[in-house]
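Residue numbers (my numbering), protein chains in the order written: chain A, 26 to 905; chain B, 146 to 260.
Glycine included, every Cβ here is placed at the ideal spot set by N, Cα and C.
It should be emphasised that the depicted structure is a prediction, and the values quoted were computed from it without experimental measurement.
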């Protein structure tokens with residue numbers, strides 16, 4: 026058959042009406058002509074009419090054959106079944122609404138979830154040939170660090186495996202827009218940064234080779250989002266000059282929308298290393314390279330290992346044995362925990378879909394049982410078994426199409442609502458959207474669901490001795506159907522139990538996480554920052570002066586109780602990393618530490634207790650003996666070397682870079698105090714050893730401002746802005762967050778996945794309850810006569826009630842047993858997601874079992890009481 | 146009355162297509178009745194064709210693109226479809242004729258050999 030004909034035939038059902046009309050008129054014309062010819066041969070009108078009909082043959086048969094020939098029979102049949110399905114759904118609107126709602130929920134949730142899975146885990150990075158993008162880091166064994174500028178420059182110069190290699194460092198600068206200072210977040214990047222990612226400018230250009238060399242004209246590329254919001258999306262933005270950090274820059278390009286917007290950078294500027302930055306001590310760059318075509322990951326690894334081994338002599342002594350490590354760039358974007366969390370949530374959603382399907386299947390089975398007589402009549406009138414199945418599948422297809430369409434609409438709504446919430450959790454390269462991939466997934470799910478939901482009941486309904494169903498006296502259930510329905514419900518209970526168990530585990534884990542002692546006061550504390558331009562502060566003294574003035578001004582703002590200056594936002598970041606060298610600590614006498622520069626108000630403002638010794642005070646000025654305060658973890662490290670006595674009074678070596686340089690030197694500093702550990706970053710990993718140095722001795726340009734307030738913390742911000750403006754008109758304030766917000770943000774991913782699991786588990790339990798109710802109610806209806814007889818013979822209603830309850834609890838117990846087995850099987854997956862909760866937590870298992878038993882009891886209540894109230898006379902008469 | 150299917154079976158399978166195409170080839174555009182009449186007339190006595198059988202055959206040939214249709218007015222002043230041979234149809238006719246000749250020759254030889 027030619028393609029043309031296949032197409033024509035496929036389209037014929039659509040044109041059915043027109044084709045039928047045309048055929049009718051052709052046949053009419055044919056008969057007329059035949060009649061005329063016959064009359065011409067001398068026949069009477071009546072005879073001519075008869076002759077014409079006879080010559081033509083069976084008109085209906087011709088029409089039927091015409092239809093057969095012009096289209097695919099099964100397509101018309103399917104369309105008819107589909108229409109029939111819709112109309113039979115309309116006859117049972119209650120059933121239709123419930124079924125469509127349940128399916129829409131299942132399909133909508135799984136489609137929305139798939140859009141997340143696809144964006145984060147399945148789709149390759151949204152750049153050309155993403156498999157060639159590699160991250161390169163400095164590594165001390167398994168410990169990965171950022172890259173020092175000195176090593177980066179050498180790697181770039183000496184390697185032969187990368188087509189191009191780029192370094193990126195976060196930055197922020199005050200920008201004068203129409204006379205007002207604004208703070209923009211941005212990146213300093215190598216000139217071939219966008220070449221590595223294969224991204225071209227939407228407008229203008231990206232950077233030219235050589236623009237990252239000293240002496241090049243300062244240029245900027247801005248993000249699409251910034252272009253839209255701050256420049257009204259006008260093309261005249263190209264070549265516009267802006268004062269960035271007090272230096273005039275020219276805007277040369279605008280990036281396309283997409284992943285670069287989600288990185289929350291406003292601008293990119295060429296990374297020109299200052300002489301002070303070109304060291305190998307300080308690791309602060311993120312290096313990403315694009316492999317040359319044909320170079321394998323292993324080749325790249327081998328060369329970079331060798332290359333970095335060759336540079337070992339140029340590196341500081343404490344980087345002995347460090348090597349460059351290459352790995353696919355997408356590994357960095359999605360952490361193992363996030364990956365697992367997404368899979369677990371997706372699994373949970375899939376389970377809910379499964380339960381929804383089995384409920385609908387169960388409903389259809391029950392309907393099938395009720396419709397046996399209808400089926401039997403159809404069969405008696407000559408419908409083949411295939412036709413009966415076709416009709417039932419058409420019905421479930423109609424159901425699933427409605428449910429699926431509603432589900433897709435629901436998924437759009439869910440994705441739209443969830444996108445802003447997910448933005449902080451998911452990597453910037455993940456574009457969560459209802460794209461064609463997600464839609465085709467939805468269609469596949471709908472088809473799968475209709476087969477699952479429709480086929481089994483259809484086979485059941487139309488099998489067996491149909492004619493016996495015509496006998497109205499035959500009742501009770503056919504054993505296999507009842508067994509199947511009961512097995513499905515027990516399965517639903519089992520799956521729900523697993524989900525409820527997961528949810529309880531995750532909630533307990535979240536509670537544990539929230540109750541971790543983070544060591545700082547969270548109530549009524551707000552944080553913001555200022556970045557001083559280095560040009561305005563060539564000397565350390567002026568920064569110290571400024572910090573002192575800021576604190577003074579801020580403490581004068583009404584509502585502010587205490588103001589403190591430090592590096593790194595509390596809970597969120599440190600200033601820098603470094604090493605402590607002290608006799609006997611760890612291997613090689615040095616231990617990696619986090620370093621934070623804090624002023625004398627910091628510990629008090631955040632209620633960080635000083636355990637021994639003292640905090641910082643007026644004594645710790647520049648020129649005075651250099652001092653340090655250590656946290657409990659560093660104390661433990663120091664003590665592991667020299668017994669249990671307090672480290673206060675000891676002198677240790679600490680790597681610190683003098684003001685204005687990034688070259689760290691080992692400074693001899695005296696430990697004057699031990700503070701209670703302040704938790705920063707991921708609460709699920711152990712706390713890190715940290716050293717605190719006085720800001721007045723070691724000032725830095727980027728200052729985090731922490732304010733403890735007497736009232737609602739955001740209410741002091743207008744005063745704070747005013748105070749900063751009075752100090753320096755050109756200095757913009759950084760992002761503002763209360764510590765409560767920062768704390769919430771630090772486990773937003775766990776909170777989100779926990780709540781999602783909780784909601785879906787509750788949904789699953791609810792659906793299981795509906796399924797259970799359905800089966801029990803039907804059993805009671807079917808046994809009305811039997812119950813009636815038993816009551817007539819003197820059975821107490823209580824006995825009847827208990828009988829139904831026992832029946833239900835048998836089902837629930839079966840489900841619980843299967844569910845517990847499932848929960849045990851899943852412990853391996855859950856273990857790494859949980860924080861201080863064993864995966865076989867008795868509380869979780871107990872809660873899950875108890876709640877599913879409760880669900881069972883609720884579901885059995887109505888059917889059981891109905892059974893107990895059966896009126897023997899009525900039930901016997903009705904069916905006798 | 147005999148069923149049309151039984152009558153149609155008297156025509157070797159696939160022959161009706163060939164007869165229709167050939168009629169259109171020699172006569173030019175025709176409507177359904179004229180095609181049926183022409184086949185009856187040329188075939189003469191032995192063929193008992195129920196005329197309605199041409200319509201399912203016509204829709205198939207049209208879908209294949211071998212014949213084209215056009216609306217026209219019949220001798221009784223009615224709107225009817227006129228069918229005409231298309232270029233691919235002409236080619237198809239040649240193929241069918243060749244096939245037919247080949248198979249009749251084969252069957253003929255076979256019958257001679259066994260007689």
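_Assuming residue 429 (chain A) and residue 471 (chain A) are in contact, meaning their beta carbons sit under 8 Å apart, how far apart are those beta carbons, in whole angstroms?_
Contact annotation, residue 429 (chain A) with residue 471 (chain A): C-beta distance approximately 3 Å; criterion of less than 8 Å satisfied.
*Give the secondary structure of residue 196 (chain A) by DSSP, where H, G and I count as helix, E and B as strand, and everything else as coil.*
Strand.
*Is the shortest distance between the beta-carbon of residue 180 (chain B) and the beta-carbons of chain A less than 7 Å?*
Not closer than 7 Å to any Cβ of chain A, the Cβ of residue 180 (chain B) fails to qualify, so no.
*Would you identify the three-state DSSP class for residue 102 (chain A), choosing helix, strand or coil?*
Correct three-state label for residue 102 (chain A): helix.
*asked:* Could you compute how far the alpha carbon of residue 323 (chain A) sits from the alpha carbon of residue 164 (chain A)?
replied: If I take the Cα positions, the gap works out to 17 Å.
*Do residue 726 (chain A) and residue 557 (chain A) have their C-beta atoms within less than 7 Å of each other?*
Taking C-beta atoms as the reference points, residue 726 (chain A) and residue 557 (chain A) count as a pair closer than 7 Å.
_Rounding to the nearest angstrom, what Cα-Cα distance links residue 633 (chain A) and residue 205 (chain A) in this structure?_
So the alpha carbons of these two residues sit roughly 37 Å apart.
*asked:* Tell me the rounded alpha-carbon separation between residue 553 (chain A) and residue 327 (chain A).
replied: Taking the straight line from one Cα to the other gives about 44 Å.
*For residue 692 (chain A) and residue 642 (chain A), the rounded distance between their alpha carbons*: Approximately 20 Å between the Cα atoms of the pair.
*Step through the CB atoms of chain B and report whether any lies within less than 7 Å of the CB of residue 72 (chain A).*
Not one chain B Cβ lies under 7 Å of residue 72 (chain A).
_Which residue wins for smallest C-alpha separation from residue 753 (chain A), given the options A:401, A:626, A:105 and A:207?_
Scanning A:401, A:626, A:105 and A:207 for the CA closest to the CA of residue 753 (chain A) turns up A:207.
*How many angstroms separate the CA atom of residue 721 (chain A) from the CA atom of residue 653 (chain A)?*
Spanning the two alpha carbons is a distance of roughly 12 Å.
_Endpoints, the alpha helix (DSSP H) within which residue 832 (chain A) is located_ = 822 to 850 is the extent of the alpha helix (DSSP H) around residue 832 (chain A).
*Compare the beta carbon distance of residue 587 (chain A) and residue 733 (chain A) with 7 Å and say whether it is the shorter of the two.*
Against a cut-off of 7 Å, the Cβ pair of residue 733 (chain A) and residue 587 (chain A) comes out as a contact.
*Among B:242, B:254 and B:247, which has the Cα closest to the Cα of residue 165 (chain B)?*
Shortest Cα-Cα distance from residue 165 (chain B) to any of B:242, B:254 and B:247 involves B:242.
*Residue range of the beta strand (DSSP E) that residue 717 (chain A) falls in?*
That run of the beta strand (DSSP E) goes 715 to 719.
*What does residue 97 (chain A) reach in chain B if we use C-beta pairs closer than 8 Å?*
Correct list: empty, because the minimum Cβ distance to chain B is about 12 Å.
*Answer with yes or no whether the minimum CB distance from residue 201 (chain B) to chain A is below 7 Å.*
Yes, residue 201 (chain B) counts as interfacial toward chain A.
*Specify the secondary structure class of residue 553 (chain A) as computed by DSSP and reduced to three states.*
Strand.
*Under 7 Å (Cβ pairs) to chain A, residues found in the segment 202 to 214 of chain B*: Result list: 204, 205, 208, 209 and 210.
*Measure from the alpha carbon of residue 854 (chain A) to the alpha carbon of each residue in A:547, A:412, A:453 and A:367, then state which is nearest.*
The candidate whose alpha carbon is nearest that of residue 854 (chain A) is A:367.
*Consider the Cβ of residue 236 (chain B): report whether some Cβ of chain A lies at a distance smaller than 7 Å.*
Taking Cβ atoms only, chain A never reaches closer than 7 Å to residue 236 (chain B), which makes this a no.
*chain A within 7 Å of residue 197 (chain B), Cβ atoms only*: Closer than 7 Å: yes.
*Count the other CB atoms, across all protein chains shown, that sit within 10 Å of the CB of residue 217 (chain A); report buried if there are 16 or more and exposed otherwise.*
Buried is the label assigned to residue 217 (chain A), since at least 16 other Cβ atoms lie within 10 Å of its Cβ.
*Take the Cβ of residue 707 (chain A) as the centre, count every other Cβ of all protein chains shown within 10 Å, and call the residue buried at 16 or more, exposed below.*
Result: exposed.
*Measure the CB-CB distance between residue 582 (chain A) and residue 745 (chain A) and report whether it falls below 7 Å.*
Going by C-beta atoms, residue 582 (chain A) is nearer than 7 Å to residue 745 (chain A).
*Which chain B residues sit within Cβ distance under 7 Å of residue 81 (chain A)?*
Within chain B, the residues placing a beta-carbon under 7 Å from that of residue 81 (chain A) are 195, 196 and 197, ordered along the chain.
*Show which residues of chain B have a CB atom less than 7 Å away from the CB atom of residue 288 (chain A).*
None at all; the shortest Cβ gap to chain B is about 56 Å.
*Kindly say whether residue 905 (chain A), judged by its beta-carbon, lies nearer than 7 Å to any beta-carbon of chain B.*
For residue 905 (chain A), the pLDDT reaches just 41, beneath the cut-off of 50, and the residue's location in the model is therefore unreliable, leaving the point undetermined.
*Where do the N-terminal and C-terminal ends of the alpha helix (DSSP H) with residue 60 (chain A) fall, by residue?*
DSSP places residue 60 (chain A) inside the alpha helix (DSSP H), whose first and last residues are 41 to 65.
*is_contact[residue 219 (chain B), chain A] using C-beta, thresh 7 Å*: Yes, residue 219 (chain B) counts as interfacial toward chain A.
*Got a sec: is the Cβ-Cβ distance from residue 54 (chain A) to anything in chain B below 7 Å?*
Closer than 7 Å to some Cβ of chain B, the Cβ of residue 54 (chain A) qualifies, so yes.
*Mind pulling the chain B residues with CB within less than 8 Å of residue 392 (chain A)?*
When 8 Å is used as the limit between beta carbons, residue 392 (chain A) is near no residue of chain B, the shortest such separation being about 40 Å.
*What residues are listed by DSSP as bridge partners for residue 562 (chain A)?*
None, per the DSSP bridge assignment.
_Span separating the alpha-carbon of residue 103 (chain A) from that of residue 112 (chain A)_ = Approximately 14 Å between the Cα atoms of the pair.
_Residues that residue 34 (chain A) contacts on chain B, provided the C-beta gap is smaller than 7 Å_ = Listed along chain B are 208, each with a C-beta nearer than 7 Å to that of residue 34 (chain A).
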